[in-house]
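Shown next, in structure tokens, is the structure this report addresses.
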Amino acid sequence: MSSPNCSQLPDPFNELSYVPISLVRQFQIGQFILAGSTGAMIWELLSNLSNDHALLFKHKINISTIVYYISRISTLAYVLVSVIFETAATGHCRALQKVDTTFMGLSVSSTCFLFYFRVAAVFNRNRYVMAGYLTVWLGVVGGSAALIASSTGGTIGPTEYCWTEQMYNWGGVIEIMVLIHDAVVFFGISGRLMRNAYIDLPPTKRMRSFLFGDYLQPISKALLRDGQLYYVVKIACDLPLIILFYITSLSLAYRTYFTIPGVILMNAVACYIYRNARFSVGQGAQSSRTGSETTTAYTVDTGINTIRIMKTTEVEHGKDYKIDTGEVQDIGSFSE
Numbered sequence: 181m182s183s184p185n186c187s188q189l190p191d192p193f194n195e196l197s198y199v200p201i202s203l204v205r206q207f208q209i210g211q212f213i214l215a216g217s218t219g220a221m222i223w224e225l226l227s228n229l230s231n232d233h234a235l236l237f238k239h240k241i242n243i244s245t246i247v248y249y250i251s252r253i254s255t256l257a258y259v260l261v262s263v264i265f266e267t268a269a270t271g272h273c274r275a276l277q278k279v280d281t282t283f284m285g286l287s288v289s290s291t292c293f294l295f296y297f298r299v300a301a302v303f304n305r306n307r308y309v310m311a312g313y314l315t316v317w318l319g320v321v322g323g324s325a326a327l328i329a330s331s332t333g334g335t336i337g338p339t340e341y342c343w344t345e346q347m348y349n350w351g352g353v354i355e356i357m358v359l360i361h362d363a364v365v366f367f368g369i370s371g372r373l374m375r376n377a378y379i380d381l382p383p384t385k386r387m388r389s390f391l392f393g394d395y396l397q398p399i400s401k402a403l404l405r406d407g408q409l410y411y412v413v414k415i416a417c418d419l420p421l422i423i424l425f426y427i428t429s430l431s432l433a434y435r436t437y438f439t440i441p442g443v444i445l446m447n448a449v450a451c452y453i454y455r456n457a458r459f460s461v462g463q464g465a466q467s468s469r470t471g472s473e474t475t476t477a478y479t480v481d482t483g484i485n486t487i488r489i490m491k492t493t494e495v496e497h498g499k500d501y502k503i504d505t506g507e508v509q510d511i512g513s514f515s516e
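Numbering follows the working numbering, in which position 76 of the sequence shown is assigned residue number 256; successive positions increment by one, without gaps.
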């Protein structure tokens with residue numbers, strides 16, 4: 181009587197024993213990426229702990245502050261639930277998968293909504309612009325709902341460990357909607373900044389202004405460069421994610437490898453830009469004169485995102501405007 185070959189029997193205590201051999205390596209790589217992403221998220225949170233504390237206790241709390249913390253907390257929750265889903269023997273895989281994707285949707289939607297306040301400030305709460313922006317943002321929310329509905333979690337074999345059993349292709353619409361949202365915000369704000377800076381620039385100089393921030397006032401240039409930073413990072417993240425997800429010949433593990441790092445990076449950069457806007461707020465004014473032109477710069481603490489669009493005009497007709505809580509106010513004219 182021959183004894184069974186024990187090396188061919190699955191290890192009941194190792195969930196990978198029940199994973200198809202072709203997927204074991206992919207599953208392990210996914211866990212390594214998750215571990216590295218979690219470490220990066222914790223490092224980023226600890227590095228900005230003093231900034232988050234100052235934002236909460238040393239600055240006025242308003243709607244944008246609440247959205248900021250919802251974004252931070254939901255992103256952290258998404259990462260932690262992903263860790264539990266991938267590594268712990270919970271047995272509640274379907275419910276945990278829904279919680280995980282819900283936190284991802286909340287993270288992405290709230291992070292995108294941080295730019296609502298910037299759009300509202302730059303466009304002076306123009307009702308048509310804001311209606312258009314909210315329509316695009318609701319598309320992101322709809323994409324989040326599609327993600328939640330499209331994915332199903334299940335157990336690995338007879339174990340209580342979890343993995344994503346199925347995800348429909350329409351679940352990837354969230355990344356497409358985020359890409360559209362970011363493009364609308366970036367090009368809309370950039371165009372507005374250039375139009376408010378120097379009205380009479382020829383097309384070639386306007387292009388340099390758009391690409392490099394030339395001929396823009398310091399605050400406008402800072403806003404433009406923050407937008408460029410975010411948009412470049414998002415393009416670098418979203419395009420590979422979208423392309424990879426829709427290569428259906430690949431396994432689901434390969435197609436979703438970089439979703440968590442992408443969400444973490446999106447949140448980190450958006451929150452960095454938001455903190456820059458809040459912490460750069462001060463009070464005062466500076467004036468400088470070159471030839472027949474005078475530039476006056478003000479920053480005013482308004483409670484939302486204080487943003488000043490400054491114009492350089494002739495001394496005899498010099499005026500400046502502040503765009504803050506939604507009202508354009510004439511700072512006054514000056515002459516010499």
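C-beta atoms are modelled at their ideal positions from N, C-alpha and C, and glycine is treated no differently.
Contacting residues, own chain, Cβ-Cβ under 8 Å from residue i (five flanking each side not counted)
| i | result |
| --- | --- |
| leucine 445 | Val413, Cys417 |
| leucine 419 | Leu359 |
| tyrosine 410 | Asp362, Phe366, Val449, Ala450, Ile453 |
| isoleucine 422 | Gly352, Glu355, Ile356, Leu359 |
| isoleucine 440 | Ile213, Leu214, Ser217, Tyr258, Val259, Ser262 |
Buried versus exposed call for residue i [16 or more other C-beta atoms within 10 Å across all chains shown]
| i | result |
| --- | --- |
| glutamate 447 | At residue 447 the sequence reads asparagine, which differs from the glutamate that was named. The residue in question, asparagine 447, is buried, as its Cβ has 16 or more Cβ neighbours within 10 Å. |
| leucine 318 | exposed |
| tyrosine 152 | Past the edges of the chain, shown from 181 to 516, lies residue 152, and the structure says nothing about it. |
| serine 429 | exposed |
| isoleucine 343 | Per the sequence presented here, residue 343 reads as tryptophan, with isoleucine not at that position. Buried. |
| isoleucine 369 | buried |
| arginine 375 | exposed |
| threonine 315 | exposed |
| glutamine 277 | buried |
8 Å contact criterion, which residue i and residue j should meet: CB distance rounded
| i | j | result |
| --- | --- | --- |
| valine 449 | threonine 255 | Incorrect: roughly 12 Å between the Cβ atoms, too far for contact. |
| serine 330 | methionine 347 | 6 Å |
| glycine 285 | isoleucine 328 | 6 Å |
| valine 261 | valine 288 | At roughly 15 Å, the Cβ-Cβ gap does not stay under 8 Å, so valine 261 and valine 288 are not in contact. |
| glutamate 345 | glycine 334 | 4 Å |
Backbone CA spacing between residue i and residue j [nearest angstrom]
| i | j | result |
| --- | --- | --- |
| alanine 215 | valine 321 | 28 Å |
| isoleucine 356 | valine 365 | 14 Å |
| isoleucine 453 | cysteine 292 | 12 Å |
| serine 182 | alanine 220 | Note on serine 182: pLDDT 45, under 50, position unreliable in the model; the coordinate value appears next. Spanning the two alpha carbons is a distance of roughly 52 Å. |
| serine 227 | phenylalanine 212 | 23 Å |
| leucine 432 | serine 230 | 39 Å |
| glycine 352 | phenylalanine 237 | 38 Å |
| glycine 458 | tyrosine 296 | The sequence given here places arginine at residue 458; glycine does not occur at that position. Arginine 458 and tyrosine 296: Cα-Cα distance of roughly 15 Å. |
| tyrosine 437 | glycine 210 | 6 Å |
| histidine 233 | tyrosine 249 | 11 Å |
| alanine 269 | alanine 275 | 13 Å |
| phenylalanine 207 | leucine 424 | 16 Å |
| isoleucine 222 | asparagine 349 | 31 Å |
| serine 244 | arginine 205 | 43 Å |
| isoleucine 241 | glutamate 340 | 43 Å |
| glutamine 408 | asparagine 306 | 23 Å |
| glycine 371 | valine 302 | 10 Å |
| glycine 312 | serine 251 | 22 Å |
| leucine 294 | isoleucine 415 | 18 Å |
Secondary structure of residue i, DSSP reduced to three states
| i | result |
| --- | --- |
| threonine 344 | strand |
| serine 289 | helix |
| serine 217 | helix |
| threonine 470 | Low local confidence applies: a pLDDT of 41 at threonine 470 is under 50, so the model's placement there is unreliable, with the coordinate-based value given in what follows. In this structure, threonine 470 counts as strand in the three-state DSSP scheme. |
| glycine 442 | helix |
| serine 230 | helix |
| glycine 210 | helix |
| glycine 351 | helix |
| threonine 267 | helix |
| serine 370 | helix |
| glycine 333 | strand |
| threonine 339 | coil |
| histidine 361 | helix |
| tyrosine 437 | coil |
| serine 431 | coil |
| tyrosine 249 | helix |
| arginine 455 | helix |
| phenylalanine 303 | coil |
| asparagine 447 | helix |
Own chain partners of residue i with C-beta closer than 7 Å, once the 5 adjacent residues on each side are dropped
| i | result |
| --- | --- |
| glutamate 224 | Ala448 |
| threonine 281 | Leu327, Ile328, Ser331 |
Same chain, Cβ closer than 6 Å to residue i, five either side skipped, listed in chain order
| i | result |
| --- | --- |
| glycine 323 | Val353, Ile354, Met357 |
| tyrosine 426 | none |
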